[in-house]
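Structure record follows, encoded as C-alpha cells.
Protein chains: 2
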Amino acid sequence: MSPIGSLLWRHLRVYQIYGSNTDVGKTIFTSIFCNASSRIWRHETTAYLKPVSTGPEDEADDKCVSIAIPIAVQFHSDLLPGVVIVTYPTTVKSHIKAVLIHSHIRRFANGVARRTLYQYSQPVSPHIAAKGNVISDQCILKSVHEYSSERAAAGPGWLFIETAGGTHSPGPSGTPQADLYAALRCPVVLVGDWKLGGISSTVSAFECLRIRGYDVEGIVLFEDEKYGNSDYLKEYFKEHYGIPVMALPRPPPLDNGSSKTKDYELMLEYYALASHTKEVEETLVYLDDRYKSRIKVLESMAAGAHQRIWYPFTQQKLLQPKDIVPIDSASGNHFQTLVPECSENPTGKPLLQPSFDGSASWWTQGLGHGNISLTLAAAYAASRYGHVMFAGMIHKPALDLAASMLEIAQNPRLSRVFFSDNGSTGMEVAVKMALRAARTRYGWSPNTKMDVLGLKDSYHGDTIGTMDCAEPNTYNEKVEWYEGKGVWLDYPQVQCVAGEWQIQAPSEFGTDCNHRFPHLADIFNLGQRISRGDHKVYEKYILSTLRRHLDKGHKFGALILEPVVLGAGGMVLVDPLFQKTLVDVVRHRPSIFDLDNSQTLPSDDRDWSGLPIVFDEVFTGLYRLGRPMAATFLDSNPDISVHAKLMTGGLVPLCVTLASECIFDAFASEEKSDALLHGHSYTAHPVGCQVAIESLKQLQAMDKSGDWNWAKSNGWLQAKNDTYSELSQTNTQVWSIWPLDLVQWISLQAEGVAGVWAMGSVLAIHLRASDGSGYTSTAAEGLRKRLLAGTGTGNAATGSWNVHSRVLGNVLYIMGSQRMMEQEVEEISKLLRTGLEECL
Amino acid sequence: MSPIGSLLWRHLRVYQIYGSNTDVGKTIFTSIFCNASSRIWRHETTAYLKPVSTGPEDEADDKCVSIAIPIAVQFHSDLLPGVVIVTYPTTVKSHIKAVLIHSHIRRFANGVARRTLYQYSQPVSPHIAAKGNVISDQCILKSVHEYSSERAAAGPGWLFIETAGGTHSPGPSGTPQADLYAALRCPVVLVGDWKLGGISSTVSAFECLRIRGYDVEGIVLFEDEKYGNSDYLKEYFKEHYGIPVMALPRPPPLDNGSSKTKDYELMLEYYALASHTKEVEETLVYLDDRYKSRIKVLESMAAGAHQRIWYPFTQQKLLQPKDIVPIDSASGNHFQTLVPECSENPTGKPLLQPSFDGSASWWTQGLGHGNISLTLAAAYAASRYGHVMFAGMIHKPALDLAASMLEIAQNPRLSRVFFSDNGSTGMEVAVKMALRAARTRYGWSPNTKMDVLGLKDSYHGDTIGTMDCAEPNTYNEKVEWYEGKGVWLDYPQVQCVAGEWQIQAPSEFGTDCNHRFPHLADIFNLGQRISRGDHKVYEKYILSTLRRHLDKGHKFGALILEPVVLGAGGMVLVDPLFQKTLVDVVRHRPSIFDLDNSQTLPSDDRDWSGLPIVFDEVFTGLYRLGRPMAATFLDSNPDISVHAKLMTGGLVPLCVTLASECIFDAFASEEKSDALLHGHSYTAHPVGCQVAIESLKQLQAMDKSGDWNWAKSNGWLQAKNDTYSELSQTNTQVWSIWPLDLVQWISLQAEGVAGVWAMGSVLAIHLRASDGSGYTSTAAEGLRKRLLAGTGTGNAATGSWNVHSRVLGNVLYIMGSQRMMEQEVEEISKLLRTGLEECL
C-alpha cells in the first residue's frame, strides 16, 4: 500500500471535529457548520464525513464501504427542503435524541454531501462494535484520503470530518482516534464540554491533540450559566494559545416521545437560528483564514529559508528556493512535503505528498517520526525536571541511561559514561580521554605532539578537534584551522559486485587479499577467516606502515575507528577482518608505541594496551547495522565508545562517550586542573536522557520480539553457514531490511554500478563516476533526482509519493528507520529499480 | 514565604487521587483505600485530605482552615462504629447521593484522620465557588504540606489526598489542579471513567498528568460489562506503561429518598465487601512497594552515579558519594533534593527539600523548571515532526526561530542563521565563518597561520577549536591538543567595592582609568564617557598592543568578545567602554590588519571592516543581563553573534550563530567544497526550535509587560541620570533582580569581599583569596557549603530549604531565573547575608 498524504488541498478546507467527550454536541456543531458554510459559500460545496460510525444509523443510502446496516428512512420535505426523518427501527424511545442528532446532517441535503465509511450496528465504542470485523487503521486512512480527494476534485468547498466519541476513543482496531488520524494532519475544531467537569475534559482533550502535533484552530461548546465553562475556557485558550472559543446556546430540551413533531420544530428553529449567528459566521471565516494561512506559510517557506537560513553542508550559491523542500510535518518514515509548483496544478491535486525519509534524517531516525511514546517521554522529563546542571548532581534519567548504555555495550572494559550533545563533541571528549591516558602512561611531556591512528576516509565530526582526527578531505581541508593530526591507513573494502561479495584491497596490500565470497556472512565469519590465516597479509601491512611512521618520530595517542562502515567518508563497508586485525596489532604489541619499548601487556584485561582504542559508533551503533553494537561485528572491545544519533530515536541531540575505568583513572589526581574539564550547558539534559531510555527500550523490544525476522529471512539467512545458525543469537547475524535479491540485482547493473552493499537499515550504491569519486562527484545526483520525482502524479485519489535521499559524491544511500515494514521496503525497492533502469 | 518541598517521608505513603472526570467514584475509591489500608496496616494510621471542597459538606467538625460552612451532623453508631449520618441542611433530594459519598470517609473514624482545608459552599467548580474568597495556589500548597507534615510526625501510615473534579478542573485561583499540585510530586492513583467515552477521558487524564511529570502508579475504575472500558484500559496501560489497572464492581443503585436506611445499608455492605477484596489489597501492597522503591532509588542514586558517571568539570578523585546531590525533580526555581543522611533522621522529617537552583542550571534556566508551556511546545514539535534533516529542507519552527532571533538582535548587519547544538559548536561555526571571511578578503593563502583577537579570561567552550580561541588557562592548558591561537588583551573591570562602583584597570593602562562612579548606570553611559574622552587611554593601549603583535607578524582573522561579562573565566564585569573602544578601533582602522595596508572602510555599513567581529552572547544574551542583547550595552553591532543557553529556556540544547550577509557571501562559489561544510545530525531539530520560539515569546512578553519593574525599582532606577530616564526604553537600563542595597552591603564586607556586582539575574561575589585567585582557588568554597547547608532543620512543618550554587575559584555567583519573584530574592538575600557573616 502506498504511503498516505496529509489532507491539504488549495480550495477544499478540511477540518476534523473532535469531541472532548461523548455527548458534548459534536454532531450538532458539525451540522451547524455544514449549514452555515453551505449558506455563506453558496457557490461551493460542503461535505460531511463520518469515517466510523456505530449504533443504528440513518446513513443507509450513503455509500458505506462495508458493514452498512440498512435502515428505512423517509424524506420529510414540508419542514425544510431535504430534511430527512428517520424511521427508527427499534422501539427504544430514549434514543430518540441521539437519532435526531444524527439525522440533522441530512437537512443540508441541498448543499451538503455526506458519507459514512464504516458503519457498525452496535451503539458502543468502535473497537467493541468491530469485533470480528476490524478494519485496519491504514485502510481507514486510505478511505478518508480517497473521499477527501473526491471532494477536492469536485471543486472548492468545505469538508467536515466528524470523529466518534472523545479524542482517545478507540477506532475499530483499538488505536485511539487521536493517534489513528494524526498523520492526516487535519486542523481541528474541538467541541468542548459544557457540563460539570467540562473544563477539565476540554483542556485534557486539547492537550492530547496538541502533543500529537494537531493544530486545534477553534473550540466550540454550549453555554451554561451554572458552570460557566465557556467563560473560563475563552480566557484560558486566549491567554495560553490565542485560540478562539465560540459558545452557543444549548439546543432546546426535547419532550421525548410525547410530541415528536414539536421536537422537530424546536430543533429546526434552533438550527436555523444557530447557523445564522454572527459567532458561527465569524468562526467559519476565521477557520477559512487559518486554512489559507497554513498554505501561504508552506508556500513562502522556501523563499524565507533561502533568504535567512545558512544551511549546513550546502553551497548556497548553487541553491535556489525551488531546491528547498518545505515540509509540513512528518510521521512514520515519511515527511509530508509541499508538492512542487502546485500553483499551476489543477484544483483537485493535493498540496502535500509523502516523501520517504531516505536519509533517516541524517541517520538519526529509527523509530518513526511523530512517535508518541518518545513525545511522552520527552514531555514527562521536561515537566519533571526541565534541565538540571550536571556537576555534583544526579537525576534518574541520566543514571538509568548510563546503566542502560553500559549494559547494551556488553563490553567488560566500559564502566564510565560521559555525556555531551552530539557525535562531534562526544568524539572531542573521546580524543581528550585517549590522549591523556596515553601521554601519562608513556610519560610524555605535556607539549608532546601526539597523533591519532585511523583509516583513510574517516569522519568524526565538524568541530576542529574531531576534524583534526581525519586525513585532509573535502570536509576539512579548506577550514582555516584544520590540521590533520594523525596517520591514516589504507583499507580493504567490501562490496557486492556483479552478484558476488568481494573484498577489494588497495594495490599495496598485494593480490592476496582480493577474495570473493558467496555470502556477506562469510566475510563476517572472522573466526573462520583467521583460522585460514586471511589476517596475516593485513597484519604485515599494518605493522610495516606503523613502523615507518614510528621511525619518523610519530607518537600516537589513540586508535580511532568507525567500526564496519565509514559513514560520511563515503558509505564504505570496510573488511571487518582488517579492522579487527588493526585493533589486535595495536593491543598486542604495546611496546612499539613506547619510546622506551618497555611496555608489557597489562595484567587486568580491562586495561588498555598499546593505544587506547576509540570506536566512533555514532552512526554505526544501536541497530543501524542490525546489531546493538557495531563493535560485535569486529569481535573487539574498545576502551572508549561513542554513541549518539539513534540513541535518542530521532528526536533531540544527545551523545555519550563510554570509557573504561583505567581511562577514567588517568584523570584522577589531587588537582582539580587534572580533571577532564569539559562540559556543555545541557550536559545529560533530562529530556534527552528520558527519550534515549525510551528509544533503547523500543529498539531492544523489537530485537527481542523478532520484529526483523521478515527481513532476516529475505535472503540474508540463506547466507548463514554452520557458525551462523541461530536466529536468536543477535551477534551472529548479518542482515539488512533491504532484500538480498535487490542488492544482487543492483550489483548486476554493471554499466553504472561499481558496487553495492546493505546492512541493517542501510543500502549504499556506489555508482561509477567518470568525474572522480570524491564528495564533489555528481554521479549519483541523477538517481537522487529521479527518486525525488517519485511516482509522479500517481493515483489521482491517493496522490503521488517520492523518496528524499542523500548522496555522498558518487554514492547514493538509502537508510530506513528500524520500524520499516516489508511492504514499504518493497515499494521503495520498486521505485529504486525503476530509477536505476532509467538513470544508468 | 519559604519554598515548598515535595511530599516525601519515609514512613508516610502519600498518594494523590485524581479523577479522569467528575462523578467517576473518586471518593468511593478513596474510602475503600482508607478502609482497607487502616485494616491491613492496623498499627499505622490512615488519613484522608481534601484540600479544596465545594458544595454543602459534612466536614464541619474538621478543622477547616477557613471559610468552613457549619453543617449539622449526627453520629449514627448502630450501623458501624464511627459512621456519620449527615443532616443535610437543604432539601435538594437529588443531591443525596453526592452527600452520601462524601460522608463515606467518616465511617472510618476508627482509624482514619480526615481534613478538609478549604471549604466553599456552592456545589460548583472551586474557581467559581471561591469568587471573592480566592486562596492563592501557594497557600494551598503550604497547607497541604503542613497537614502532611503533621501526619508524618504522627507516625507511619498512609495519606490519601483527594482532588476535586477532573485533572484539569480549576482550583480556587483558576489554576488547573494538575498544574497547581505538580510541584508536590505526589504519586497518583487515577480513578478511571467506566462510562461511555470513559476510555478517552481516562487516557486523556493520564496523559495530562504524565506530561506534567506525575508518576501515575495505578488506575482504578468501576466495571461495566457494556462498555468494557476496564478490559481495554488494562491492556492499554500494561502495554504502554506497565501500570496496573484495578476494576471493582459498581456500587449498588440507590433508591434516592424513598428509603434512606436501606440505601445506607446497601452502601455499607458494598464498602465492607470492596475493602476486603484481593484486588484492593494487592493494589495497596503494590502502591506500598512503589513508594518504597522511589525512596530506594533516590537513596541509591549517589552511589550509582559515583560508580558510573564521568562528571564534567569535576576532579572525581575528590568527589565522594555524599557530595553528589540526588534530585527527585525540579519546579520553578527549585530542585527537590534528597535531604542528606536522612536515614538517621526522625520519622517525621521530610526526605526532600527545595534547593534553589543558584546556577540557573549552568546559566540555562530562565523560565522555571517544569514550565508546562515549554513542555507542550516540545511535545507538539516532537509529534508533528520528530527530527527533520536540515539540508535543503525547511520546517516552520526553524524558519520562525530564525526570523525571531534576527528580529530580537536588532542588528542591521545580521541576516543569516546557522544552527548547531551548543555554545561551543556555535562558536566553532563563528570562528570558521570569521577566519574564512578575513582570509579571502585579505587574500592570504589557505595555509596562513591566523590568530584571533580577544580578552584575557575569555571562554568560548570546550571543543578544541573554541579552546584555541582562549589564552592558556586552567580549562585548556592541560588538554593535549590545545594550542592558543590568538592574542588576548588585558582589560579594566568593574566592581562595587566598599559601596562604590569602581573601574579597576591593570597597571599598564596607567592610573588615568581607575575611576569611581556613584552608580553602575554611569559606567554604562558610554556616550557621556566618550564625550569626556574616557576612551582615549583605552584606544592608546589597544593600538599599541595590536601594533606590537602585528609587527611580530601575527595575522588576525577575528575579534571575539563575550560582551560585558566574562563568564566561565571568572564572572568578571568588563568595562563596557573598553569593549566598545576595542570594537571601534578594529572596525575603523581596517588597514592595520592588512599586509598591504590597502583596506579602506567599506561603503556598505553592514559590511565588516578590520576584522569580522564575533560576539559570544551564549551566556550574556537573551535577558541574562537584563536586556535581550548584551551587544546593546556596548552600543556595538557585531558581524557574527552566537546564542544558546537561555534561548531554549532551560530545556534542550540548541544554538544559533547569526551572521551578516557579507560573511555569508565569503563562502559563495561554484564549488561545493568552498561552502561551510559544517553540520550536526540534529541541526535545527524541531523540538529545540519550537521550545526556543516559546521561550523567546515568554521572555519578550515579560519584558514588555513590565514584569521586572519591581526589581528595577529596587535601587537600580535611582541610579539613573538624565540619559537613563525612561523605564520603557529597555536599552537604557542597567538593573538586576538582586537589590542594590544587597550588592552594596556585600561590598562593605571588606575583610572577605574583594568586590561584587549584579546585572540582570546574575550576582557575582569576588572573595579575597589568600591562595591565589584562579579557578583552582577554594576561597568561595566555604560560602558555597554554607548556602548548601541552607536553613537547617527550619520549620518542622514546611521543612528546610537551601541554595545550590556554583563557584569559579574565588568567585561565588548566584544566578536566578528571569521568573524570580521579589519575595524569593528576599529570602535568598537573607540567607546570603547570614552566610557571608558566618563565613568571612
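Protein chains in written order, with our numbering: chain A, 19 to 858; chain B, 19 to 858. A virtual CB, placed ideally from N, CA and C, is assigned to each residue, including glycine. As the structure is a prediction and not an experimental result, all values here were calculated from the model.
Point to revise | Same chain, Cβ closer than 7 Å to K252 of chain A, five either side skipped, listed in chain order | key: V263
Check your understanding: Hey, M152 of chain A and P188 of chain A are a contact pair by Cβ (cut 8 Å); roughly how many whole angstroms apart?
Key -> Residue identity check: residue 152 of chain A is Val in the sequence provided, not Met. Not quite, the Cβ-Cβ distance comes to about 11 Å (not below 8 Å), so this is no contact.
Check your understanding: Are the CB atoms of Q333 of chain B and F685 of chain A nearer to each other than 9 Å?
Key -> yes
Point to revise | chain A residues whose Cβ lies nearer than 7 Å to that of S187 of chain B | key: G215, I217, S218
Review point. Quick one: is K244 of chain A buried, meaning 16 or more other Cβ sit within 10 Å of its Cβ, or exposed?
Key: exposed
Check your understanding: Does DSSP put G810 of chain A in a helix, in a strand, or in coil?
Key -> coil
**Study point:** C360 of chain B versus L316 of chain B - alpha carbon distance
**Key:** Because the pLDDT of C360 of chain B is 49, which lies under 50, any placement of that residue in the model is unreliable, and the number read from its coordinates should be weighed accordingly. C360 of chain B and L316 of chain B: Cα-Cα distance of roughly 11 Å.
Exercise for review: Answer with yes or no whether the minimum CB distance from V221 of chain A to chain B is below 9 Å.
Suggested key: yes
Point to revise | Assigned exposure category for A90 of chain B - 16 Cβ within 10 Å defines buried | key: Bear in mind that a pLDDT of 27 at A90 of chain B, under 50, signals an unreliable position, so the model cannot answer this.
Exercise for review: Would you list the one or two residues that DSSP bridges to I438 of chain B?
Suggested key: In the sequence under discussion, the amino acid at residue 438 of chain B is Ser, which differs from the Ile named in the question. Answer by DSSP bridge pairing, in chain order: B:C673.
Review point. Mind pulling the alpha helix (DSSP H) runs of 4 or more residues that sit fully within the stretch 196-230 of chain B?
Key: 216-228
Practice item. Starting from the C-beta of Y509 of chain B, find all residues in its chain whose C-beta is less than 6 Å away, skip the five residues before and the five after it, and write them out in chain order. Key: L473, V592, F596
Check your understanding: Quick one, which of A:Q428, A:G834, A:K730, A:P205 has its alpha-carbon nearest L676 of chain A's?
Key -> A:Q428
Review point. Considering only residues of the same chain and omitting the five flanking positions on each side of V604 of chain A, which have a CB-CB separation below 6 Å?
Key: L577, G628, L629
Review point. Going along chain A in order, which residues have a C-beta closer than 7 Å to the C-beta of G697 of chain B?
Key: P330, F331, D480
Check your understanding: Does P464 of chain A come within less than 9 Å of chain B when only Cβ atoms are used?
Key -> yes
Check your understanding: Taking just the CA atoms, how far does L652 of chain B sit from K548 of chain B?
Key -> Contrary to the premise, residue 548 of chain B reads as Ile rather than Lys in this sequence. Approximately 12 Å between the Cα atoms of the pair.
Review point. Are the C-beta atoms of V660 of chain A and some chain B residue less than 9 Å apart?
Key: no
Review point. What are the start and end residues of the beta strand (DSSP E) that includes Q513 of chain A?
Key: 511-515
Review point. Can you list, in chain order, the residues of the stretch 372-383 of chain A whose Cβ is nearer than 7 Å to any Cβ on chain B?
Key: S377, S379, W380, W381, T382, Q383
**Study point:** Rounded separation between K496 of chain A and S699 of chain B - CA only
**Key:** 21 Å
Practice item. Please confirm if Q841 of chain B has its CB atom under 9 Å from at least one CB of chain A. Key: no
Review point. So, helix, strand or coil for Y36 of chain B, using DSSP?
Key: strand
Check your understanding: Which one of A:W381, A:N39, A:N727 has the shortest CA to CA distance from S823 of chain A?
Key -> A:W381
Practice item. Scan the stretch 624-654 of chain B for residues whose Cβ lies nearer than 7 Å to a Cβ of chain A and list them as they occur along the chain. Key: none
Practice item. Tell me where the alpha helix (DSSP H) around D321 of chain B begins and ends. Key: A quick correction: the sequence has Ala, not Asp, at residue 321 of chain B. Element bounds for A321 of chain B: 296-326.
Point to revise | Partners in chain A for I35 of chain B, counting only beta-carbon separations shorter than 7 Å | key: By Cβ distance, chain A contributes nothing, its closest Cβ being about 14 Å from I35 of chain B, past 7 Å.
Practice item. Could you name the residues that DSSP lists as bridge partners for W753 of chain A? Key: The partner list for W753 of chain A (beta bridge, DSSP) is empty, contrary to what the question assumes.
Check your understanding: Between the C-alpha atoms of D96 of chain A and I158 of chain A, what's the straight-line distance to the nearest angstrom?
Key -> With a pLDDT of only 37 at D96 of chain A, under 50, the local geometry of the prediction cannot be trusted, and the value read off the model is given with reservation. If I take the Cα positions, the gap works out to 37 Å.
Practice item. With 8 Å as the limit, tell me which residues of the stretch 403-428 of chain A have their beta carbon closer than that to any beta carbon of chain B; keep them in chain order. Key: Y403, G404, H405, V406, M407, F408, A409, G410, M411, I412, H413, K414, A416, L417, A420, A421, L424
Point to revise | the stretch 661-676 of chain A contacting the stretch 383-390 of chain A, beta-carbon criterion three pairs below 8 Å | key: yes
Check your understanding: In chain order, what residues of the stretch 444-470 of chain B put their CB closer than 8 Å to some CB of chain A?
Key -> E446, V449, K450, L453, R454, R457, P464, T466, M468
Check your understanding: I846 of chain A and C514 of chain A: beta carbons closer than 9 Å?
Key -> no
Practice item. Determine the chain A residues that contact V497 of chain B at a beta-carbon separation under 7 Å, and present them in chain order. Key: K450
Review point. How would you call R550 of chain B, buried or exposed, if buried means at least 16 neighbouring beta carbons within 10 angstroms?
Key: exposed
Check your understanding: In whole angstroms, what separates the C-alpha of G175 of chain B from that of R169 of chain B?
Key -> 8 Å
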